[in-house]
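Q: Numbering (this note's numbering), first residue to last: 1 to 447.
Even for Gly, the Cβ is constructed at its ideal location relative to N, Cα and C.
First, the structure itself, so that you have it in front of you.
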Amino acid sequence: MSSRRDFLKTSALAVGGFTLMGAAPSLYARSKGANDKIKVGIIGFSDRCRYSLIPSFQANAEQLGFEIVAVSDIWKLRREEAVKFFKEKYDRDIKVFRNNEELYDSRMCDAVIISTADFQHAMHLAEAVTAGCDAYCEKPFAETMADARYAIDTAKKHNKVIQIGSQRRSAPNYMAANDYIKSGKFGPITMVEMCWNVNQPGRWRRPELVEKCFEKDTDWKRFLINRPYEDWDPRKYLEYRLFWPYSSGIPGQWMSHQIDTVHWFTGLSHPRSVAANGGVYCWKDGRRNYDTLTAVFDYGDDEGKQGFQVLYTSRMHNEAGGVKELYFSNGGTLNLETNEVSDEGGLQQWAADEMGMQPNLLEKYTLPSVHVNTAANTGGDDMTSYHMYNWMKCVRDRNTNTNAPIEAGFNHSVATIMCNAAVRTGEKATFDETSREVMVGGKVFQY
1 MSSRRDFLKT SALAVGGFTL MGAAPSLYAR SKGANDKIKV GIIGFSDRCR YSLIPSFQAN
61 AEQLGFEIVA VSDIWKLRRE EAVKFFKEKY DRDIKVFRNN EELYDSRMCD AVIISTADFQ
121 HAMHLAEAVT AGCDAYCEKP FAETMADARY AIDTAKKHNK VIQIGSQRRS APNYMAANDY
181 IKSGKFGPIT MVEMCWNVNQ PGRWRRPELV EKCFEKDTDW KRFLINRPYE DWDPRKYLEY
241 RLFWPYSSGI PGQWMSHQID TVHWFTGLSH PRSVAANGGV YCWKDGRRNY DTLTAVFDYG
301 DDEGKQGFQV LYTSRMHNEA GGVKELYFSN GGTLNLETNE VSDEGGLQQW AADEMGMQPN
361 LLEKYTLPSV HVNTAANTGG DDMTSYHMYN WMKCVRDRNT NTNAPIEAGF NHSVATIMCN
421 AAVRTGEKAT FDETSREVMV GGKVFQY
């Protein structure tokens with residue numbers, strides 16, 4: 001356990017065969033002029049990448065001077081699909097690589113888009129920046145604190161442009177909500193309620209693709225990176241979101257998006273504590289991750305001047321309620337589903353009179369609207385296009401201050417790992433800022 005938690009900092013296998021030995025010089029700085037194309041590689045030709053990230057990239061590529069030139073994927077089928085996809089859709093020939101080591105050795109890429117399995121993101125990001133590449137990295141940033149610490153510490157050694165895939169941070173409605181709350185007009189946040197509900201027995205399942213996946217066509221050991229060895233299982237390879245420790249499931253996939261807004265709007269880095277419960281109540285298909293989860297987060301500053309709860313619920317077997325994010329203050333409600341600020345729930349005149357107080361009712365305020373598709377993993381949306389544009393513009397301008405910097409990813413990972421620790425142990429989880437460890441019962445949470 002301890003060797004996995006501390007991670008293999010000097011092992012080439014820790015990052016799929018690429019040795020992290022000091023920083024490579026920036027490919028961009030070495031070879032690019034203001035009018036030259038910035039060459040990008042895809043790390044993991046996933047469905048998310050194919051149907052959302054790449055279209056969002058291509059929508060901005062001509063304007064900003066970018067092009068995708070390479071794909072790295074350890075599965076032969078995905079490499080073949082990538083060649084066909086780019087030729088048919090964009091009339092472009094790309095180079096494919098069997099692994100990231102080969103891609104970085106080619107020195108073709110100035111930047112990469114990382115869309116691999118949940119537990120691989122942090123290590124693939126560390127690998128990219130060490131190779132001299134800027135990176136757009138899908139969330140969750142990390143699923144263990146060991147990986148989170150290693151990746152953020154490695155990134156701090158390199159001055160690369162990093163965007164974590166928390167795309168709400170580039171959406172006009174969320175940006176307006178952030179500005180509104182920080183203006184003081186909303187008042188102190190007193191409660192947050194969030195949910196993410198679907199009714200999809202096939203969510204995160206890939207039965208037809210599992211039948212086509214054979215160990216001889218991929219690299220199982222590279223896939224595992226620093227996770228404990230298990231025998232080959234195509235379900236874990238393709239349906240990894242259902243199996244801890246390859247994914248935490250609901251916390252890493254969905255909650256990481258929503259809890260990130262709490263950190264962003266408030267400036268708080270992580271919860272003070274988390275209590276949670278969950279289970280597999282409906283889809284008993286061999287999964288290890290829960291199909292139902294309820295978590296309560298306690299947030300507040302060190303001085304106790306600010307404090308509130310976040311109630312988070314998610315179920316995968318009944319979609320009533322859909323996806324909601326509600327922020328409450330004494331004066332009303334900010335609803336990020338309807339993009340409205342209203343006086344709903346605020347302190348009414350009669351209730352204030354009883355205590356000799358003044359009523360507190362917010363004025364109505366409408367946030368900008370934005371399209372987001374939460375019905376399927378592969379859905380494209382405006383948020384992702386805005387977010388991809390922000391990263392690409394920052395890469396072009398050499399501006400490391402992206403909308404979702406690596407610190408945002410680290411912070412959402414602390415919250416999701418705390419949630420995962422709480423739901424798996426049944427005990428309250430806390431965070432030790434000195435050791436940067438999630439604690440349960442006074443001890444470090446053992447993954």
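(1) Here's a check: name, in chain order, each residue in its chain whose Cβ is nearer than 7 Å to the Cβ of N178, leaving out the five neighbours to either side.
(2) State buried or exposed for G321, treating a residue as buried only when at least 16 other CB atoms are found within 10 Å of its CB.
(3) Identify, in the order they occur along the chain, each residue of the same chain with its Cβ nearer than 6 Å to the Cβ of S26, setting aside the five sequence neighbours on each side.
(4) Looking only at its chain, what residues have a beta carbon closer than 8 Å to the beta carbon of T425, apart from the 5 residues adjacent to it on each side?
(5) Among Q167, A128, R169, R168, whose alpha-carbon lies nearest the alpha-carbon of K156?
(6) Looking only at its chain, what residues have a beta carbon closer than 6 Å to the beta carbon of K76, apart from the 5 residues adjacent to it on each side?
(7) Determine the direct distance from the alpha carbon of W204 to that of V478, and round the result to whole angstroms.
(8) In whole angstroms, what is the alpha-carbon distance linking T434 and Y136?
(9) In the DSSP assignment, the beta strand (DSSP E) including K95 goes from what residue to what residue?
(10) Is it right to say S183 is buried, meaning 16 or more other beta carbons lie within 10 angstroms of its own, or is it exposed?
(11) Taking the alpha-carbon positions, what's the C109 to I38 distance?
(12) State whether the region 142-153 contacts the region 270-277, with contact taken as three or more CB pairs (one from each stretch) at a distance under 8 Å.
(13) Measuring only the C-alpha atoms, how far is F223 from F214?
(14) Helix or strand or just coil, what does DSSP make of M84?
(15) I want to know whether the region 385-400 touches the region 151-165 - three or more CB-CB distances under 8 Å.
(16) Is it the case that the Cβ atoms of K139 and G409 are separated by a distance below 8 Å?
(17) Taking contact to mean 3 or more Cβ pairs, one atom from each stretch, closer than 8 Å, check whether the region 240-256 and the region 412-431 are in contact.
(18) Counting Cβ pairs closer than 8 Å, one from the region 226-246 and one from the region 280-291, do we hit at least three?
(19) On the DSSP bridge list, what partners appear for T333?
(20) Report the option in S46, E102, A176, F119 whose CA atom is closest to the CA atom of I113.
(21) Report the start-end ranges of each beta strand (DSSP E) in the region 145-193 that is 3 residues or longer and not cut off at the edges.
(22) Our contact map puts L125 next to K393 with C-beta atoms below 8 Å; I'd like the distance itself, whole angstroms only.
(23) For the alpha helix (DSSP H) that contains S385, what are its first and last residues?
(24) Here's a check: name, in chain order, each residue in its chain whose Cβ is nearer than 7 Å to the Cβ of E407, leaving out the five neighbours to either side.
(25) Within a Cβ cutoff of 6 Å, which residues of the same chain sit near N487, ignoring the five residues on either side of it in sequence?
(26) Tell me which residues share the same chain as P188 and place their Cβ nearer than 8 Å to its Cβ, disregarding the 5 neighbours each side in the sequence.
(27) Measuring straight from C-alpha to C-alpha, what distance separates G346 and I74?
(28) Mind checking A351: buried by the 16 CB within 10 Å criterion, or exposed?
(29) Tell me E67's beta-bridge partners as DSSP assigns them.
(30) In the DSSP assignment, what residue or residues form a beta bridge with R315?
(31) Out of R206, E344, T116, M123, which one is the CA nearest neighbour of D153?
(32) For G442, report the span of its beta strand (DSSP E) as first-last.
(33) Would you report the Cα separation of N339 and F186, rounded to the nearest angstrom?
(34) Alpha carbon to alpha carbon, how far is Y365 from S385? Give it in angstroms, no decimals.
A: Walking through what the data contain:
(1) One-based indexing of the sequence shown puts residue 178 at position 178. Cβ within range, chain order: W264, F265.
(2) In the sequence shown, counting from the first residue as 1, residue 321 sits at position 321. Classification for G321: exposed.
(3) Locating residue 26 in the sequence shown gives position 26, where the first residue counts as 1. A caution first: S26 carries a pLDDT of 46, below 50, which makes its placement in the model unreliable, though a value can still be read off. If we look at S26 and ignore the five residues flanking it on each side, its Cβ neighbours are G132.
(4) Stepping through the sequence shown from its first residue, residue 425 is reached at position 425. Around T425: V440, G441, F445.
(5) Along the sequence shown, one-based indexing puts residue 156 at 156. Nearest of Q167, A128, R169, R168 to K156, Cα basis: A128.
(6) Here residue 76 corresponds to residue number 76 of the sequence shown, with the count starting at 1. These residues qualify, in order along the chain: D217.
(7) Since the displayed the chain opens at 1 and closes at 447, residue 478 lies outside it and no answer follows.
(8) Sequence index remark: in the sequence shown, residue 434 carries index 434 (1-based). Sequence index remark: in the sequence shown, residue 136 carries index 136 (1-based). C-alpha separation (whole angstroms): 28 Å.
(9) Counting from 1 along the sequence shown, the entry for residue 95 is found at position 95. That run of the beta strand (DSSP E) goes 95-97.
(10) What you label residue 183 is simply residue 183 of the sequence shown in a count that begins at 1. Flag for S183 reads exposed.
(11) Along the sequence shown, one-based indexing puts residue 109 at 109. Along the sequence shown, one-based indexing puts residue 38 at 38. Computed Cα separation, rounded: 8 Å.
(12) no
(13) Looking up residue 223 in the sequence shown gives position 223. Looking up residue 214 in the sequence shown gives position 214. Between F223 and F214, the C-alpha separation is close to 13 Å.
(14) Position 84 of the sequence shown, counting from 1, holds the residue named residue 84. First, the amino acid is wrong: residue 84 is Lys here, not Met. Residue state, collapsed to three classes: helix.
(15) yes
(16) Against the sequence shown, residue 139 aligns to sequence position 139. Against the sequence shown, residue 409 aligns to sequence position 409. Yes, the pair counts as a contact, with Cβ atoms nearer than the cut-off.
(17) yes
(18) yes
(19) Reading the sequence shown from its first residue, position 333 is the one you call residue 333. The partner list for T333 (beta bridge, DSSP) reads F328, S342.
(20) One-based indexing of the sequence shown puts residue 113 at position 113. Answer by Cα proximity: S46.
(21) 162-164
(22) Locating residue 125 in the sequence shown gives position 125, where the first residue counts as 1. Locating residue 393 in the sequence shown gives position 393, where the first residue counts as 1. That pair is no contact at about 20 Å.
(23) Sequence index remark: in the sequence shown, residue 385 carries index 385 (1-based). That run of the alpha helix (DSSP H) goes 382-397.
(24) For the purposes of this step, residue 407 is taken as the residue at position 407 of the sequence shown. So the list is empty, once near-sequence residues are dropped.
(25) No information on residue 487 is available, as it lies outside the stretch 1 to 447 that the chain covers here.
(26) In the sequence shown, the residue the question calls residue 188 occupies position 188. The answer, listed in chain order, is Q306, F308, S329, N330.
(27) Along the sequence shown, one-based indexing puts residue 346 at 346. Along the sequence shown, one-based indexing puts residue 74 at 74. Going from the Cα of G346 to the Cα of I74 covers about 54 Å.
(28) For this step, residue 351 is matched to residue 351 along the sequence shown. Per the 10 Å Cβ criterion, exposed.
(29) Taking the sequence shown and counting its residues from 1, the one referred to as residue 67 is at position 67. In the DSSP output, where bridge partners are listed per residue, E67 has K39.
(30) Within the sequence shown, numbered from 1, the residue matching residue 315 stands at position 315. DSSP lists N197, T292 as partners of R315.
(31) Locating residue 153 in the sequence shown gives position 153, where the first residue counts as 1. Out of R206, E344, T116, M123, M123 has the C-alpha closest to the C-alpha of D153.
(32) In the sequence shown, counting from the first residue as 1, residue 442 sits at position 442. Element bounds for G442: n/a, residue is neither H nor E.
(33) As a position in the sequence shown, residue 339 is number 339, starting the count at 1. As a position in the sequence shown, residue 186 is number 186, starting the count at 1. Roughly 14 Å separates the two Cα atoms.
(34) As a first step, residue 385 is located in the sequence shown; it is residue number 385 there, counting from the start. As a first step, residue 365 is located in the sequence shown; it is residue number 365 there, counting from the start. When rounded, the distance between both Cα atoms is 26 Å.
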